[in-house]
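*Asks:* Numbering (the working numbering), first residue to last: 50 to 320.
For glycine and all other residues, C-beta sits at the position ideal for the given N, C-alpha and C.
Pasting a structure here, questions to come.
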């Protein structure tokens, strides 16, 4: 059985009330009608202009939606959801009794509310359970960066990035068929374009990766920038058209005078 480890930077927001499903369905990018006790989802809450404010996992159990979100962003998420509440019969709060854990293999039923990571099977399992003692998962960021999976609050800031830029369409994070949600018009219009302008891909360095924000260049052109790093690997937000031209021209791709190799995550190759 795989070891269960704690994610110290995650929190759980609980949403209860008879209107909880239609309330969330009209706000977030995931089709909430597909979320139930047997199926969790990955979603984002966007600005009206279509940029990501928050991202999170959503599970359902015992008449409540449990949102697995960035711990630092949890108070702002509760505040934002409350602004949209109006007359909806819902209660929204941070559940201080619960925490989020990970496991590479399916945990025992007694471990808590467990579900496969809805973004990518290789990320293993998520578990929401009462707080307890245990080891912290220090390898989680290293693993997701190696797989090319970005997260809001760690790799990019709120109100900065569109879902397509960080591959959320390919990570099961956006339902374009569900109907209206905040920012839906912009998100759908960008998806309908014949060519995606930016993607988040993987950068491999021969030594330690540069710090977040470092520019990736090819000659006089800036291709993009480094996002989060782990050892010699980084996530990189890249202009695909410029990357394509630089490859065609045989240009040397660098970051702070260091050579690097860029490659597309496997899940995007399958998209």
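Suppose you measure from the CA of residue 180 to the CA of residue 275; what does that come to, to the nearest Å?
*Replies:* Within the chain shown, the letter at position 131 stands for residue 180. Within the chain shown, the letter at position 226 stands for residue 275. Going by the C-alpha atoms only, they are around 34 angstroms apart.
*Asks:* Taking just the CA atoms, how far does residue 307 sit from residue 222?
*Replies:* Start at 1 with the first residue of the chain shown, and residue 222 comes out as number 173. Start at 1 with the first residue of the chain shown, and residue 307 comes out as number 258. Roughly 34 angstroms separates the two Cα atoms.
*Asks:* Name the two residues that bound the continuous beta strand (DSSP E) containing residue 152.
*Replies:* One-based indexing of the chain shown puts residue 152 at position 103. Residues 147-152.
*Asks:* Could you pull out every residue in the same chain whose Cβ sits closer than 6 angstroms to the Cβ of residue 73, ignoring the five residues on either side in sequence?
*Replies:* Locating residue 73 in the chain shown gives position 24, counting from the first residue. 81.
*Asks:* Please give the ranges of any beta strand (DSSP E) in the segment 202-287, keeping only runs that are unbroken, at least 3 residues long and fully inside the region.
*Replies:* 247-254, 264-267 and 270-279
*Asks:* Touch check for the segment 289-298 and the segment 262-274: three-plus C-beta pairs under 8 angstroms?
*Replies:* In the pairwise beta carbon analysis, the segment 289-298 is classified as touching the segment 262-274: at least three pairs are separated by under 8 angstroms.
*Asks:* What does the alpha-carbon distance come out to for the pair residue 191 and residue 136?
*Replies:* Residue numbering aside, residue 191 sits at position 142 when the chain shown is read from its first letter. Residue numbering aside, residue 136 sits at position 87 when the chain shown is read from its first letter. For residue 191 and residue 136, the distance between alpha carbons rounds to 43 angstroms.
*Asks:* Over what stretch of residues does the beta strand (DSSP E) that includes residue 90 continue unbroken?
*Replies:* Taking the first residue of the chain shown as 1, we reach residue 90 at position 41. Element bounds for residue 90: 90-95.
*Asks:* Residue 131 lies in the alpha helix (DSSP H); which residues open and close that run?
*Replies:* Position 82 of the chain shown, counted from the start, is the residue given in the question as residue 131. Per DSSP, residue 131 belongs to the alpha helix (DSSP H) from 123-132.
*Asks:* Nearest by alpha-carbon distance to residue 256: which of 242, 199, 215 and 283 is it?
*Replies:* Residue numbering aside, residue 256 sits at position 207 when the chain shown is read from its first letter. Among 242, 199, 215 and 283, the Cα nearest to that of residue 256 is on 283.
*Asks:* In the DSSP assignment, the beta strand (DSSP E) including residue 108 goes from what residue to what residue?
*Replies:* Along the chain shown, read from residue 1 onward, the residue named residue 108 stands at position 59. Looking at the DSSP string, the run of the beta strand (DSSP E) that includes residue 108 is 101-110.
*Asks:* Taking the beta carbon of residue 132 as the centre, do at least 16 other beta carbons fall within 10 Å, making it buried, or is it exposed?
*Replies:* Here residue 132 refers to the residue found at position 83 when the chain shown is read from its first residue. With fewer than 16 other Cβ atoms within 10 Å, it is exposed.
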